[in-house]
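Working notes, beginning with the structure itself.
Number of protein chains: 2
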Amino acid sequence: MKTPQEVFADFLADRNLKTTPQRRLILDTLLKQNGHLSPEELYAKVKKRDKSIGQATVYRTLKLLNESGLIETLDFADGVTRYEPSYGEEHHDHLICERCGKNIEILDTVIENRQEQLAAEHGFALLRHKMYLYGLCDECRKKKQ
Amino acid sequence: MKTPQEVFADFLADRNLKTTPQRRLILDTLLKQNGHLSPEELYAKVKKRDKSIGQATVYRTLKLLNESGLIETLDFADGVTRYEPSYGEEHHDHLICERCGKNIEILDTVIENRQEQLAAEHGFALLRHKMYLYGLCDECRKKKQ
DNA sequence: ATTCATGCAAAAACTTTGCATGTAA
DNA sequence: TTACATGCAAAGTTTTTGCATGAAT
Chain A
1 MKTPQEVFAD
11 FLADRNLKTT
21 PQRRLILDTL
31 LKQNGHLSPE
41 ELYAKVKKRD
51 KSIGQATVYR
61 TLKLLNESGL
71 IETLDFADGV
81 TRYEPSYGEE
91 HHDHLICERC
101 GKNIEILDTV
111 IENRQEQLAA
121 EHGFALLRHK
131 MYLYGLCDEC
141 RKKKQ
Chain V
1 MKTPQEVFAD
11 FLADRNLKTT
21 PQRRLILDTL
31 LKQNGHLSPE
41 ELYAKVKKRD
51 KSIGQATVYR
61 TLKLLNESGL
71 IETLDFADGV
81 TRYEPSYGEE
91 HHDHLICERC
101 GKNIEILDTV
111 IENRQEQLAA
121 EHGFALLRHK
131 MYLYGLCDEC
141 RKKKQ
């Protein structure tokens with residue numbers, strides 16, 4: 001299996017785009033963090049390693065990474081766009097505590113299978129999906145109020 | 001069962017906020033349209049009925065409607081925030097064609113039940129959820145390219 | 001009478017774009 | 001060498017906020 005770095009290099013080559021130090025750095029930073037970064041947080045982290053990098057490069061690279069299938073966008077319903085690496089990782093969904101923000105990654109074959117089936121019933125070829133479960137975690141429910 | 005208008009009025013009263021013609025108009029417009037409006041589209045529609053209404057009032061009212069549970073935000077992964085009335089409607093998820101944008105509302109008890117179960121397994125009390133299935137519809141797959 | 005809501009315009013937040021320069025292939 | 005990428009700053013978008021005026025309770 002190709003590494004994410006290889007996937008990205010191939011993706012860029014296919015489109016006659018170039019593998020640059022900035023693009024590598026941004027991908028590495030995302031992979032190292034392993035998930036849930038907003039563009040701004042990512043920019044801050046990347047900037048620690050390369051003072052001269054520009055905000056625009058981060059946005060441009062996020063777009064490319066998204067198109068290449070290496071990352072996907074998340075919507076935790078708090079108004080912040082986040083990205084998470086998705087290549088090589090098994091797909092998963094998110095279980096989010098609305099009070100404390102705790103975020104648990106979940107995977108369930110019953111649901112995954114049923115999604116395929118539902119899409120097929122409507123004549124759709126399923127490409128991907130997103131599922132978010134919002135609730136209150138144990139601890140938050142124990143706390144008064 | 002209370003009407004959405006009553007729910008909103010009660011919600012506002014609870015918080016010592018006021019029921020204004022603008023707020024009523026915005027809610028009515030959303031309900032009449034029955035779904036999937038961006039703030040800008042909503043503003044345009046509302047403006048047809050009340051020339052003098054301001055953009056800011058639409059945003060402020062959308063926030064209140066969201067807090068009151070009457071509407072929810074949708075994420076069709078196209079960068080546009082949309083809202084849809086959710087009160088009184090049976091909950092549903094969305095099946096979206098990535099090529100033509102066709103959007104089918106779906107509901108499935110197998111998935112709904114399993115979601116509850118999954119949340120419980122992780123100690124969560126499930127409050128709500130969102131599920132989006134992205135794929136290609138029949139027609140789009142038949143078209144060449 | 002109070003307190004909140006509104007419209008407007010300004011500001012803030014977020015993202016994209018144009019351009020001159022730099023660099024990967 | 002050529003074509004693409006970068007950083008910067010400017011410009012777009014989208015959403016929020018401050019304020020004087022107006023309206024609901």
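Just so you know, the sequences run in chain order A and V.
According to the UniProt record's numbering, the residues represented by the first sequence are 1 to 145, in order.
According to the UniProt record's numbering, the residues represented by the second sequence are 1 to 145, in order.
Backbone N, C-alpha and C fix where the C-beta goes; we use that ideal spot for every residue, glycine too.
These numbers come from a predicted model, not from an experiment.
Query - Exposed unless 16 or more other CB atoms sit within 10 angstroms - verdict on A/Q115 - result: Along the first sequence, read from residue 1 onward, the residue named residue 115 of chain A stands at position 115. Buried, because 16 or more other Cβ atoms sit within 10 Å of the Cβ of A/Q115.
Requested in this report: At 9 Å on the CB atoms, spell out the chain V contacts of A/C97, in chain order.
Outcome: Position 97 of the first sequence holds residue 97 of chain A. Result: F124.
**Report entry** is_contact[V/A119, chain A] using C-beta, thresh 9 Å
**Finding:** Within the second sequence, residue 119 of chain V is the residue found at index 119, counting from 1. With 9 Å as the cut-off, V/A119 counts as an interface residue toward chain A.
Query raised in the report: Mind listing which residues of the stretch 45–70 of chain V have their C-beta closer than 9 Å to chain A's C-betas, in chain order?
Result: From the stretch 45–70 of chain V, no residue has a Cβ closer than 9 Å to chain A.
Query raised in the report: Since V/G69 sits in a beta bridge, which residues does DSSP pair it with?
Result: Counting from one through the second sequence, the residue named residue 69 of chain V turns up at place 69. Its beta-bridge partners do not exist; DSSP assigns none.
Query - Residues near A/K45 by beta carbon distance below 8 Å, same chain, minus five either side - result: Counting from 1 along the first sequence, the entry for residue 45 of chain A is found at position 45. Within the same chain, and ignoring the five residues on either side of A/K45 in sequence, the residues whose Cβ sits closer than 8 Å to its Cβ are T29, Q33, L37.
Query raised in the report: Measuring CA to CA, which of A/S68, A/P39, A/N66 is closest to A/A56?
Result: As a working note, residue 56 of chain A is residue 56 in the first sequence. Just measuring C-alpha positions, the residue of A/S68, A/P39, A/N66 sitting nearest A/A56 is A/P39.
Report task. Using DSSP bridges, identify the partner residues of V/N103. Result -> The residue you call residue 103 of chain V lines up with position 103 of the second sequence. Partner(s): V/I96.
Requested in this report: Starting from A/Y132, find everything on chain V with Cβ-Cβ shorter than 8 Å and list it in chain order.
Outcome: For the purposes of this step, residue 132 of chain A is identified with residue 132 of the first sequence, where counting begins at 1. By Cβ distance, chain V contributes H129, K130, M131.
Report task. Specify, as a first and last residue, the run of the alpha helix (DSSP H) that V/E89 falls within. Result -> Along the second sequence, one-based indexing puts residue 89 of chain V at 89. According to the DSSP assignment, V/E89 belongs to no alpha helix (DSSP H), since it is labelled neither H nor E.
Requested in this report: Can you give me the start and stop residues for the beta strand (DSSP E) that V/A125 sits inside?
Outcome: Residue mapping note: residue 125 of chain V aligns to position 125 of the second sequence, counting from 1. Counting along the chain, the beta strand (DSSP E) containing V/A125 begins and ends at 125–136.
Query - Own chain residues within Cβ distance below 8 Å of A/D50, not counting five before or after - result: Translated into positions along the first sequence, residue 50 of chain A becomes position 50. Correct list, in chain order: P21, Q22, L25.
**Report entry** Between the CA atoms of A/T73 and V/Y134 - distance to the nearest angstrom
**Finding:** Here residue 134 of chain V is taken as the residue at index 134 of the second sequence, counted from 1. Here residue 73 of chain A is taken as the residue at index 73 of the first sequence, counted from 1. Computed Cα separation, rounded: 13 Å.
Query raised in the report: What in chain V is Cβ-close to A/G135, meaning under 7 Å?
Result: What you label residue 135 of chain A is simply residue 135 of the first sequence in a count that begins at 1. Residues of chain V passing the Cβ test: A119, F124, A125, L126, L127.
Query - Contacts of A/I111 in chain V (Cβ-Cβ under 9 Å) - result: Locating residue 111 of chain A in the first sequence gives position 111, counting from the first residue. Residues of chain V passing the Cβ test: V110, I111, R114, Q115, L118, M131.
Query raised in the report: Roughly how many angstroms separate the alpha carbons of A/Y83 and A/I71, rounded to a whole number?
Result: To locate residue 83 of chain A, count along the first sequence from 1; it is residue 83. To locate residue 71 of chain A, count along the first sequence from 1; it is residue 71. In this structure, the alpha-carbon of A/Y83 lies about 6 Å from that of A/I71.
Query - Within-9 Å CB hit, A/R141 to chain V - result: The residue given as residue 141 of chain A occupies position 141 in the first sequence. Interface residue (Cβ-Cβ distance to chain V less than 9 Å): A/R141 is classified as such.
Query raised in the report: For V/D138, which residues in chain A fall below 7 Å Cβ to Cβ?
Result: Working through the second sequence from its first residue, we reach residue 138 of chain V at position 138. Correct list: G123.
Query - As assigned by DSSP and simplified to three states, the class of A/D108 - result: The count along the first sequence starts at 1 and reaches residue 108 of chain A at position 108. Note: A/D108 maps to coil in three-state DSSP.
Query raised in the report: Looking at the unbroken alpha helix (DSSP H) that takes in V/I26, where does it start and where does it end?
Result: Translated into the one-based positions of the second sequence, residue 26 of chain V becomes position 26. Counting along the chain, the alpha helix (DSSP H) containing V/I26 begins and ends at 21–33.
**Report entry** Own chain, CB closer than 7 Å to A/C140, minus 5 neighbours either side, in chain order
**Finding:** For the purposes of this step, residue 140 of chain A is taken as the residue at position 140 of the first sequence. Answer for A/C140: C97, R99, C100, listed in chain order.
Requested in this report: Establish whether the CB of V/D75 and some CB of chain A are separated by less than 9 Å.
Outcome: Position 75 of the second sequence, counted from the start, is the residue given in the question as residue 75 of chain V. Cβ-Cβ to chain A under 9 Å: yes for V/D75.
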